[in-house]
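Participant: Provided herewith is a single structure, encoded as C-alpha cells, for subsequent inquiry.
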Amino acid sequence: MLRDWAYYLIVYQYVILIYFLLLALVYSGIIIYAFNQLRKIAFNRLDDQDLENLLQTSNSRPISIIIPAYNESINIIETILSAQKCSYPEFEIVIVNDGSTDDTLQILKDHFSLFAIERPIQKRLNYKKINVLYASKFFSNIYVVDKVNGGKADALNAGLDVSQYPLFCAMDADSLLESDSLMRMANHFLYDKNLVASGGSVRVLNGCEVVNGSVTRVKAPGSIIERIQIAEYLRGFLAGRVVWDRMHSLLIISGAFGVFRKDLIHSIGGYRRTVGEDMDLVVRLHRYCVKNKLEYHVAFDPEPVCWTQVPSDFRSILLQRNRWQRGLVSALWYSRGMFLNPHYGAVAFIAYPYFLFIELLGPFIELTGYFSVIIFFLFGWISLDFLILFLVLAVFWGALLNVSAVVFDNLISKRYESNGDIFKVALTSAIEFLGYRQVVDFERAIGTLFAWRSKWGHPKRKPIAETVVSAEDEI
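Under the UniProt record's numbering, residues 1 to 475 are what the sequence shown spells out, in order.
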C-alpha cells in the first residue's frame, strides 16, 4: 500500500513539474514570437498623414462608436472627448445611458446641450425599453440613448440598433482612444474583404499624463498594484493576441476596444447577456461564419491603442478577475462543440485547448502545484533539487518573462520617456509571481466554480483625473 502511495506521489510530482515546464515554454514562445512580429509591424508602420490621405482618397466606411454607460458620471465626458478627437472621415458617437442611478444623464445633457429627437429605430435585437433618444446641439455626430437598465450587453444591443453606420466600435466608458486609432483599425477593412472584426491594443492609463481626453505622456503608475497590471496587459492583451492573430485563431477582442461588421453581429443576434460578452461575441462569430461556410478573418492590430483605467485596489482586481473567469467559462461552455472539431481549424486544435487547459483549468493546477510542493518538501517527500527546479519554472522564469516583455515593448514602442519609469515597471512586474499571481489564481478558481452566477461585480471606480497626471501637476 505504501509503495502504491509512493509511486503515485512521484508521478504527481512530475506531472506538476511537466505542466509548469510546458507553461514556461508556451509563455516564452508567445513573448519571443509576438515581439518579433511587433518589431516588424513597427518598422512598416504608416505615419498618421499617409494613413489619413489614404482614407480620404479611398472608399472608407463610416464607423459608429458605441459607449455603454452605467453610473459613469466621473469619467464619461473624458471618454467622449477622446473619441471626438479621432481623426477619421466620418463617424458618430452613440452613448447608451443604461438606466444610471447617478447623474450620468444630467452631466451629458449639460455638457453637450442635449435635446430629444424622434427617429425611427428598427428593432432587430433584444434590449430593454428606450426612453428617449437625444442629439447634441453643438456636435452633430453625438447621440445619447436613455434606456431602462439591462446590463452592458443589453446596452450595446440598443446602441447597435440606434447606430447608423456599417462598422461599429465598442469601447468602455472609462477608456481613452488615441486620435489615430480609428484610422488604423479601419484601414484593414479597406483591403481585407473577409475581415469581420478587429481588436486593438489596450494599455494601462493609470499614471499617464492626460490633457482634455488625450494621453500626452506615458508614465508609470504610482502604486505597485497598478504597475503589476502593466505586465499582465502586455502578456495577455498584446503579446498573446498577436500570436493568436497570426495563427488565425483569435477568440477574444477586448470589450474596451474592438471594431465589428454590424451586419454580421445582427445576424448572430447581437450580444448575449453574459458577464463575458466580449469573448462570447467573438466565439459566436467564429461559429456563425464556419456554419455558413463564409470566408472570414478575425484580426488583431497592436497599432491602434485604447488606454483604459485599471483597478487601483486589490479587492477591485479580484472582482474583475472573477468576472473575467466566469465569462471565460460561459464562452467555452457555450462553444464546446468547437473543441477538436476539424471544421474550426487552428481555433479547435490550438486556441480552444489553450484557453481550456491553461486559462480555465490553469489556476487549479497551479494552486495545487504550489500547495503540494510546499507540503511535500516540508514532509521530506521531495528533494531540495526538485523544489529549486519547481521554483525556477514557477516563479523565476515567469518574472524573467515579465521583465523581458516590459523591456521589449518599450524598445519597440518607445512609449516611456523616462528610464526610471521603465525600471520601476520592469522591477514591479518581476514580483507578480511572489504572491500576487497566486491570490489572483485563487479568485479565478472561485470564479470557475461559481461560473453560473450572473452578478457583474463592479470594481471600485475612480475619476480618470485621480489615476493620471495632469499637465498642471507637472509644472
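Virtual Cβ for every residue (Gly too), placed ideally from N, Cα, C.
Small disclaimer: the values here were computed from a predicted structure and weren't measured.
By the 10 Å Cβ neighbour count, where 16 or more other Cβ atoms means buried, how is VAL425 classified, buried or exposed?
Facilitator: With 16 or more Cβ atoms within 10 Å of its Cβ, VAL425 is classed as buried.
Participant: Going by C-alpha to C-alpha distance, which of ARG323, ILE388, TYR352 sits closest to ASP441?
Facilitator: Looking at the Cα atoms, ARG323 is the closest of the given residues.
Participant: Could you check whether the segment 256-271 touches the segment 145-160, counting it as contact only if at least three pairs of C-beta atoms, one from each stretch, sit closer than 8 Å?
Facilitator: At 8 Å Cβ cutoff, the stretches touch.
Participant: Under 8 Å, with one C-beta from each stretch per pair, do the segment 235-245 and the segment 100-111 reach the 3-pair mark?
Facilitator: Not touching, per the Cβ criterion.
Participant: Quick check on this structure: which residue in PHE168, TYR127, ILE365 has the alpha carbon closest to the alpha carbon of TYR19?
Facilitator: Nearest C-alpha to TYR19: ILE365.
Participant: Can you tell which of VAL347, GLU303, ALA42, GLY362 has the C-alpha that lies nearest to the C-alpha of SER181?
Facilitator: SER181 has its Cα closest to that of GLU303, out of VAL347, GLU303, ALA42, GLY362.
Participant: Taking ASP174 and ASN75 to be in contact with their CB atoms under 8 Å, please state how far apart those CB atoms are, rounded to whole angstroms.
Facilitator: The pair is a contact, with the Cβ atoms about 5 Å apart (cut-off 8 Å).
Participant: Would LEU285 and VAL275 qualify as a contact pair, given that the criterion is a beta-carbon distance under 8 Å?
Facilitator: No; because the gap between Cβ atoms is not below 8 Å, this pair is not in contact.
Participant: How should ARG326 be labelled, buried or exposed, when 16 other C-beta atoms within 10 angstroms of its C-beta is the threshold for buried?
Facilitator: Buried.
Participant: Check whether the Cβ atoms of CYS306 and VAL202 lie closer than 8 Å to each other.
Facilitator: For CYS306 and VAL202, yes; Cβs fall inside 8 Å.
Participant: Taking a contact to mean a Cβ-Cβ separation below 8 Å, would you say residue 559 touches VAL96 in this structure?
Facilitator: Coverage of the chain is limited to positions 1 through 475, which leaves residue 559 absent and any answer about it impossible.
Participant: For the beta strand (DSSP E) containing PRO304, list its first residue and its last residue.
Facilitator: First-last of the beta strand (DSSP E) with PRO304: 297-308.
Participant: Go to ASN206, then tell me how far its alpha helix (DSSP H) extends in each direction, as first and last residue.
Facilitator: Premise fails: ASN206 is in no alpha helix (DSSP H) and is neither H nor E.
Participant: Run through DSSP, which three-state label would LYS293 get?
Facilitator: Correct three-state label for LYS293: coil.
Participant: If I'm right that ILE66 touches CYS169 with Cβ under 8 Å, what's the distance once you round it to whole angstroms?
Facilitator: Right, the Cβ-Cβ distance comes to about 7 Å (below 8 Å), so this counts as a contact.
Participant: How far does the alpha helix (DSSP H) with ASN187 in it reach, from first residue to last?
Facilitator: Counting along the chain, the alpha helix (DSSP H) containing ASN187 begins and ends at 181-191.
Participant: Just the C-alpha distance for VAL132 and THR79, rounded to the nearest angstrom, thanks.
Facilitator: C-alpha separation (whole angstroms): 22 Å.
Participant: So, under 8 Å CB-CB, GLU63 and PHE91 are touching, yes? Tell me the CB distance rounded to an integer number of Å.
Facilitator: Correcting the residue identity first, residue 63 is Ile in this sequence and not Glu. Indeed, because the Cβ distance is near 5 Å, the residues count as touching under 8 Å.
Participant: DSSP three-state label for GLY199, please.
Facilitator: In this structure, GLY199 counts as strand in the three-state DSSP scheme.
Participant: Counting beta carbon pairs with one atom in the segment 428-448 and one in the segment 382-398, are three or more of them shorter than 8 Å?
Facilitator: The segment 382-398 is in contact with the segment 428-448.
Participant: Secondary structure at TYR14, three-state DSSP: helix, strand or coil?
Facilitator: It is helical.
Participant: In whole angstroms, what separates the C-alpha of LEU108 from that of LEU114?
Facilitator: Looking at the two C-alpha atoms, the distance is approximately 7 Å.
Participant: Which of the three DSSP states, helix, strand or coil, is assigned to VAL216?
Facilitator: The sequence shown places Thr at residue 216, rather than the Val named in the question. Three-state result, THR216: strand.
Participant: Straight-line CA distance for ILE475 to ILE32?
Facilitator: With a pLDDT of 44 at ILE475, under the threshold of 50, the modelled position of that residue is not reliable, and the figure given next carries that caveat. Near 40 Å, if we compare the C-alpha coordinates of ILE32 and ILE475.
Participant: Please state whether DSSP places LEU21 in a helix, a strand or coil.
Facilitator: Note: LEU21 maps to helix in three-state DSSP.
Participant: Locate the beta strand (DSSP E) running through TYR134, then write down its first and last residues.
Facilitator: Residues 130-136.
Participant: Taking the beta strand (DSSP E) that VAL259 belongs to, which residues open and close that run?
Facilitator: Counting along the chain, the beta strand (DSSP E) containing VAL259 begins and ends at 257-261.
Participant: VAL94 and ALA186: beta carbons closer than 8 Å?
Facilitator: No, these two residues do not count as a Cβ contact at 8 Å.
Participant: Near LEU318, what residues of its chain come up, given a Cβ to Cβ distance below 6 Å and the 5 sequence neighbours on each side ignored?
Facilitator: Hits under 6 Å: GLU443.
Participant: Could you tell me whether the Cβ of ILE431 comes closer than 8 Å to any Cβ of chain D?
Facilitator: Absent from the structure is chain D; it holds one protein chain and no more.
Participant: When the Cα of TRP333 is compared with those of ILE375, ASP280, LEU294, which residue comes out closest?
Facilitator: The option with the nearest alpha carbon to TRP333 is ASP280.
Participant: For LEU358 and GLN229, what's the separation of their Cα atoms in angstroms?
Facilitator: Position check: residue 358 holds Ile in this sequence, whereas Leu was assumed. ILE358 and GLN229: Cα-Cα distance of roughly 19 Å.
Participant: Who are the near neighbours of VAL256 in its chain, counting only those whose CB is closer than 7 Å to its CB and skipping five residues on each side?
Facilitator: Here residue 256 is Ala; the residue named in the question, Val, does not match the sequence. Hits under 7 Å: MET171, ASP172, SER175, VAL202, CYS306, THR308.
Participant: For the alpha helix (DSSP H) containing LEU384, name the first residue and the last one.
Facilitator: Here the alpha helix (DSSP H) through LEU384 covers 384-391.
Participant: So for LEU167, helix, strand or coil by DSSP?
Facilitator: Strand.
Participant: Alpha carbon to alpha carbon, how far is LEU294 from GLN164?
Facilitator: The straight-line gap from Cα to Cα measures roughly 25 Å.
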